[in-house]
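**Student:** Just so you know, we're using full-length UniProt numbering here: the sequence shown kicks off at 1 and counts up by one.
Even glycine gets a Cβ: it sits at the ideal position worked out from N, Cα and C.
Bear in mind the structure is a predicted one, so any value in this text is a computation, not a measurement.
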Amino acid sequence: MSSLSRRRVLFGGAAVGAGALLTACTSNDTGTPAQVNQNSGDANAAPGDKVVIGFTAPAADHGWIAAITNNAKAQAQQYSDVELKVTEAGSDAAAQRAALATMIAEKPTIIVMLPHDGKELNSAAEEAMRAGIPVVNLDRAFPSRDAYRLQIKGDNFGMGLAAGSYIGEQLKAKGVSNPIIGEIPGIDSLELTQERSDGFNTALAVYGFKVANRRPADFTIDGGQKAATDLLQALPKMDALWNHDDDQGVGVLAAIKQANRSEFFMVGGAGAKSAIDAITADDTVLKATVTYSPSMASSAISLARLIAQGKGMSDLVELQVPKEITLASETITKENAAQYAKLGF
């Protein structure tokens, strides 16, 4: 790509072409997202200029983060004009910063990055942008708008709103006027966690409700079990519980079972297959989960390709990919679980 072309995609300048095939792409047991058919007749689906996408995300061998990487790899394989170079992010922000420096030196066409922490990796992303390499910021947001060409993420505030609205409606229907509500967030220092809690509190306030006790976990099974054990001890009686993350929810449910508690109902977060299965079976306190799908990684790869090739999206009048995309959070219950089963990770 020429320096002029790089500047155009970097700052979202005018581009040629329209129409991108961005089908719903999700992770399942095999980690295979919906495929893009390059023979579909869509102008942007057809092979174009070669694109080298540098990809980095926190390492994980299971759960949502693993689904993010699996989806990115599988989506890239659907394009004959895309080469995906995955760089290990390491175990913390410092390691990922070093990995990103190496990636920048290799000069990929564009970078897709899920940072350990958006604030801590912000300057590294700015460095890539200054080097003429567009950055697609995935999930954990960079605070500076000049640190990314595209930011695509789930609706964290919307997750909280959805969870709080479901809990509020259920308690209202049961005639509970002064409920005891628990909350188990993920890593409390992350902006996304704070946004989820803000949304949750906002929704509960509509019903005149509030959180009685809150115990942060860390998005892991062990962390979820410990946080839930502490919360259950702090609240001998509870009416409802929101656990932000279905991965740590496995530990949360284990703690609930161990404590032999069933007087309340629980809402999960993200839309893991294990959570959808439990909701369908209806044999635990888990009655719903609000989505935060790792399919966003598939979309990030497709959009990175379009940005690098100077193309826009189908059904949009504008000639370039938007600057920011936020995916909606939906509520999965027993009534609609079958529709969402294929989306579980």
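1. Pull the bridge partners of L84 from the DSSP assignment, please.
2. Please report the straight-line C-alpha distance between I332 and D315, rounded to a whole angstrom.
3. Contact defined as beta carbons within less than 8 Å: I believe A308 pairs with I111. What is the distance between those atoms, to the nearest angstrom?
4. Evaluate V135 with the Cβ neighbour count: other Cβ atoms within 10 Å of its Cβ, from every protein chain shown; 16 or more gives buried, anything less gives exposed.
5. For the segment 276-291 against the segment 53-61, do three or more pairs of beta-carbon atoms, one drawn from each stretch, fall closer than 8 Å, so that the two count as touching?
6. Ends of the beta strand (DSSP E) at L327?
7. Within the continuous alpha helix (DSSP H) that includes I279, where are the two ends?
8. Going by DSSP, name the residue or residues bridged to V290.
9. With a Cβ-Cβ cutoff of 8 Å, do P108 and I68 count as a contact?
10. Just reading off the beta strand (DSSP E) that A212 is part of, what are its end residues?
11. Can you tell me whether I113 is helix, strand or coil according to DSSP?
12. Only counting the same chain, and skipping five residues up and downstream in sequence, which positions put a Cβ closer than 7 Å to that of E120?
13. If we ignore side chains and look at the alpha-carbon of each, how far apart do A259 and V285 end up?
14. Just to confirm my understanding: we take E324, look at its own chain, exclude 5 residues before and 5 after, and list those with CB closer than 6 Å. What are they?
15. Hey, could you find the ends of the alpha helix (DSSP H) N260 is sitting in?
16. Which term fits E195, buried or exposed, when burial requires 16 or more other beta carbons within 10 angstroms of its beta carbon?
**Tutor:** Let's see:
1. Reading the sequence shown from its first residue, position 84 is the one you call residue 84. L84 is bridged to I53.
2. For the purposes of this step, residue 332 is taken as the residue at position 332 of the sequence shown. For the purposes of this step, residue 315 is taken as the residue at position 315 of the sequence shown. Spanning the two alpha carbons is a distance of roughly 28 Å.
3. Here residue 308 is taken as the residue at index 308 of the sequence shown, counted from 1. Here residue 111 is taken as the residue at index 111 of the sequence shown, counted from 1. Contact flag wrong, Cβ pair sits at about 10 Å.
4. Residue 135 sits at position 135 when you count from the first residue of the sequence shown. Classified as buried, V135 has 16 or more neighbouring CB atoms from the shown chains inside 10 Å of its CB.
5. With the cut-off at 8 Å, the segment 276-291 and the segment 53-61 do not touch.
6. Translated into positions along the sequence shown, residue 327 becomes position 327. Looking at the DSSP string, the run of the beta strand (DSSP E) that includes L327 is E324 to L327.
7. For the purposes of this step, residue 279 is taken as the residue at position 279 of the sequence shown. Where I279 is concerned, the enclosing alpha helix (DSSP H) stretches over K273 to A281.
8. Residue mapping note: residue 290 aligns to position 290 of the sequence shown, counting from 1. In the DSSP assignment, the residues bridged to V290 are G269 and T331.
9. In the sequence shown, counting from the first residue as 1, residue 108 sits at position 108. In the sequence shown, counting from the first residue as 1, residue 68 sits at position 68. No, Cβ-Cβ distance for P108 and I68 is not below 8 Å.
10. One-based indexing of the sequence shown puts residue 212 at position 212. Here the beta strand (DSSP E) through A212 covers V211 to R214.
11. On the sequence shown, residue 113 is found 113 positions in, with the first residue counted as 1. Per the sequence shown, residue 113 should be read as Met rather than Ile. Strand, per DSSP.
12. In the sequence shown, residue 120 corresponds to position 120, counting from 1. So the list reads A93, once near-sequence residues are dropped.
13. For the purposes of this step, residue 259 is taken as the residue at position 259 of the sequence shown. For the purposes of this step, residue 285 is taken as the residue at position 285 of the sequence shown. Answer to the nearest angstrom: the Cα atoms are 13 Å apart.
14. By 1-based counting over the sequence shown, the position of residue 324 is 324. Excluding residues within five positions, the ones whose Cβ falls inside 6 Å are Q151.
15. Position 260 of the sequence shown, counted from the start, is the residue given in the question as residue 260. No alpha helix (DSSP H) holds N260; DSSP gives it neither H nor E.
16. Here residue 195 refers to the residue found at position 195 of the sequence shown. Counting Cβ neighbours within 10 Å, E195 comes out buried, since at least 16 surround it.
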